[in-house]
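Below: the structure, in structure tokens.
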Amino acid sequence: MSNNVSLEAAANWIVEHENDPDIDQMPLVPASSNKPDAAKPSLTPEEIKQKQQELRERARKKKEEEEKRMEREREKERIRVGRELLEAKRIEEENERKRLLALRKAEKEEEQRAREKIRQKLEEDKAERRRKLGLPPEEPAAAKSSAPPVEEKKSFLPVRPATKAEQMRECLRTIKQNHKDDDAKVKTAFNTLLTFAKNVATNPNEEKFRKIRLTNPNFQDRVGKLKGSIEFLQLCGFEKIEGGEFLYLPREKVDIAVLHSAGSELNNAINNPFFGVL
Numbered sequence: 004m005s006n007n008v009s010l011e012a013a014a015n016w017i018v019e020h021e022n023d024p025d026i027d028q029m030p031l032v033p034a035s036s037n038k039p040d041a042a043k044p045s046l047t048p049e050e051i052k053q054k055q056q057e058l059r060e061r062a063r064k065k066k067e068e069e070e071k072r073m074e075r076e077r078e079k080e081r082i083r084v085g086r087e088l089l090e091a092k093r094i095e096e097e098n099e100r101k102r103l104l105a106l107r108k109a110e111k112e113e114e115q116r117a118r119e120k121i122r123q124k125l126e127e128d129k130a131e132r133r134r135k136l137g138l139p140p141e142e143p144a145a146a147k148s149s150a151p152p153v154e155e156k157k158s159f160l161p162v163r164p165a166t167k168a169e170q171m172r173e174c175l176r177t178i179k180q181n182h183k184d185d186d187a188k189v190k191t192a193f194n195t196l197l198t199f200a201k202n203v204a205t206n207p208n209e210e211k212f213r214k215i216r217l218t219n220p221n222f223q224d225r226v227g228k229l230k231g232s233i234e235f236l237q238l239c240g241f242e243k244i245e246g247g248e249f250l251y252l253p254r255e256k257v258d259i260a261v262l263h264s265a266g267s268e269l270n271n272a273i274n275n276p277f278f279g280v281l
């Protein structure tokens, strides 16, 4: 209310507004209304707009820098993972190459030994025929001259422990030699073992392929009765459980590389006509 308003006018105003609901409320007056304004610099609208633009630009640049940094980190991680994958693939291919070379070498040696045994058998038959005809035995000069170098070469071969593939091959050779007169039985056993290995390698999460009841008549007839077959499956990772009633391969012990090696040995035993001749 202005200082120029008279007391009478003020009294009249009170009478006129005495029934107002907010008559008893104090008028809201800024605390600084009776004080001189503090000396604070005020910004013009243009300056405020400029400040806002500067803040937005600063935030944008900071965000861009953070995104670039994160992209560099992601690129480094992609490069690292890529290198690890390439190295793992190289190692896998190198191991596969070595495995194939070892398999071919073993097949060649097996064939060579089988051919040598056949040659010796033919020589023995020939000598027997000469004996029956009353002819003097031939002097095996070529065989004698060639034998020492072979023996000398073998004497320098390093002695090393048998690999799992070699142990598998020996199991299959035992089956073949113990049943050399029943080729069908041998092939049935080899094909059954191949099916076991292939099923687990293809479906490692299926327990029905990783558990074999040893007392199953069909299993016994095809595989179980043949010496070397159970040992072969154990080399693949199977274990006897429940008092020897089952052969079981735990999921965490499934080794695909070992199963592939078993498949290679079985395929060689099935398809190589000279396998197990010795």
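The opening residue of the sequence shown carries number 4 in this note's numbering; numbering runs sequentially from there.
C-beta: ideal position from N, C-alpha, C; glycine also.
Candidates N275, Q223, N206 and E131, of which the one nearest P253 by Cα: The sequence position of residue 253 within the sequence shown is 250, counting from 1. Cα-wise, what sits closest to P253 is N206.
To the nearest whole angstrom, what separates the beta carbons of Y251 and F235, a pair I think is in contact under 8 Å? Along the sequence shown, one-based indexing puts residue 251 at 248. Along the sequence shown, one-based indexing puts residue 235 at 232. Actually they do not touch by this definition, with Cβ atoms about 16 Å apart.
Start and end residues, alpha helix (DSSP H) containing E242: Locating residue 242 in the sequence shown gives position 239, where the first residue counts as 1. Where E242 is concerned, there is no enclosing alpha helix (DSSP H), although the beta strand (DSSP E) it sits in stretches over E242 to I244.
The stretch 272-281 in contact with the stretch 116-127 per 3-pair CB rule at 8 Å: The answer is yes - the stretch 116-127 touches the stretch 272-281, with three or more Cβ pairs under 8 Å.
So, with DSSP's three-state summary, where would you put K230? As a first step, residue 230 must be located in the sequence shown, where it is residue number 227. In this structure, K230 counts as coil in the three-state DSSP scheme.
When burial is assigned at 16 or more other CB atoms within 10 Å of the CB, is R213 buried or exposed? Counting from one through the sequence shown, the residue named residue 213 turns up at place 210. Around the C-beta of R213, 16 or more other C-beta atoms lie within 10 Å, and the residue is accordingly described as buried.
What does DSSP give as the partner residue(s) for I293 in the beta ladder? This structure cannot settle anything about residue 293, because the visible part of the chain is limited to 4 through 281.
As a quick exercise: from R81, R225 and E268, pick the residue whose alpha carbon is nearest that of L238. Position 235 of the sequence shown, counted from the first residue, corresponds to residue 238. Per the Cα distances, E268.
Is the beta carbon of A168 less than 9 Å from the beta carbon of S264? Position 165 of the sequence shown, counted from the first residue, corresponds to residue 168. Position 261 of the sequence shown, counted from the first residue, corresponds to residue 264. A contact, by the Cβ cut-off of 9 Å.
With DSSP collapsed to three states, give me the class of C174. Sequence index remark: in the sequence shown, residue 174 carries index 171 (1-based). Looking at C174 - three-state DSSP - the assignment turns out to be helix.
Neighbourhood of K256 by C-beta distance below 6 Å, restricted to the same chain and skipping five residues each side: Here residue 256 refers to the residue found at position 253 when the sequence shown is read from its first residue. Around K256: G240.
Are there 16 or more other CB atoms within 10 angstroms of the CB of K129, so buried, or fewer, so exposed? The residue you call residue 129 lines up with position 126 of the sequence shown. Its Cβ having fewer than 16 others within 10 Å, K129 is exposed.
Could you tell me which of F199, K179, E127 and E95 sits nearest to K211, measuring between CA atoms? Counting from one through the sequence shown, the residue named residue 211 turns up at place 208. Distances from the CA of K211 to each of F199, K179, E127 and E95 were compared; the closest alpha carbon is that of F199.
To the nearest angstrom, how far is it from the Cα of L88 to the Cα of E50? One-based indexing of the sequence shown puts residue 88 at position 85. One-based indexing of the sequence shown puts residue 50 at position 47. If I take the Cα positions, the gap works out to 57 Å.
When burial is assigned at 16 or more other CB atoms within 10 Å of the CB, is M73 buried or exposed? Reading the sequence shown from its first residue, position 70 is the one you call residue 73. The residue is exposed, with fewer than 16 neighbouring Cβ atoms inside 10 Å.
Whether K201 touches G247 by CB criterion (9 Å): Within the sequence shown, the letter at position 198 stands for residue 201. Within the sequence shown, the letter at position 244 stands for residue 247. No, they are not a contact pair.
For a quick check, are the C-beta atoms of R133 and G279 less than 9 Å apart? For the purposes of this step, residue 133 is identified with residue 130 of the sequence shown, where counting begins at 1. For the purposes of this step, residue 279 is identified with residue 276 of the sequence shown, where counting begins at 1. Contact flag unset, no.
Is E209 helix, strand or coil by DSSP? Sequence index remark: in the sequence shown, residue 209 carries index 206 (1-based). In this structure, E209 counts as coil in the three-state DSSP scheme.
How is K129 classed by DSSP in three states: helix, strand or coil? Start at 1 with the first residue of the sequence shown, and residue 129 comes out as number 126. Under the three-state reduction of DSSP output, K129 falls in the helix class.
Nearest-angstrom beta carbon gap, R216 and T195 [assumed within contact, 8 Å]: Along the sequence shown, read from residue 1 onward, the residue named residue 195 stands at position 192. Along the sequence shown, read from residue 1 onward, the residue named residue 216 stands at position 213. Not a contact, Cβ separation roughly 14 Å.
Let me know if E68 comes out buried or exposed under the rule of 16 or more other beta-carbons within 10 Å of its beta-carbon. Locating residue 68 in the sequence shown gives position 65, counting from the first residue. Flag for E68 reads exposed.
For N271 versus E112, is the C-beta distance shorter than 9 Å? For the purposes of this step, residue 271 is identified with residue 268 of the sequence shown, where counting begins at 1. For the purposes of this step, residue 112 is identified with residue 109 of the sequence shown, where counting begins at 1. Against a cut-off of 9 Å, the Cβ pair of E112 and N271 comes out as no contact.
Do N181 and G227 come within 9 Å of each other at the CB atom, strictly closer than that value? For the purposes of this step, residue 227 is identified with residue 224 of the sequence shown, where counting begins at 1. For the purposes of this step, residue 181 is identified with residue 178 of the sequence shown, where counting begins at 1. Their beta carbons are not under 9 Å apart, which means G227 does not touch N181 by this criterion.
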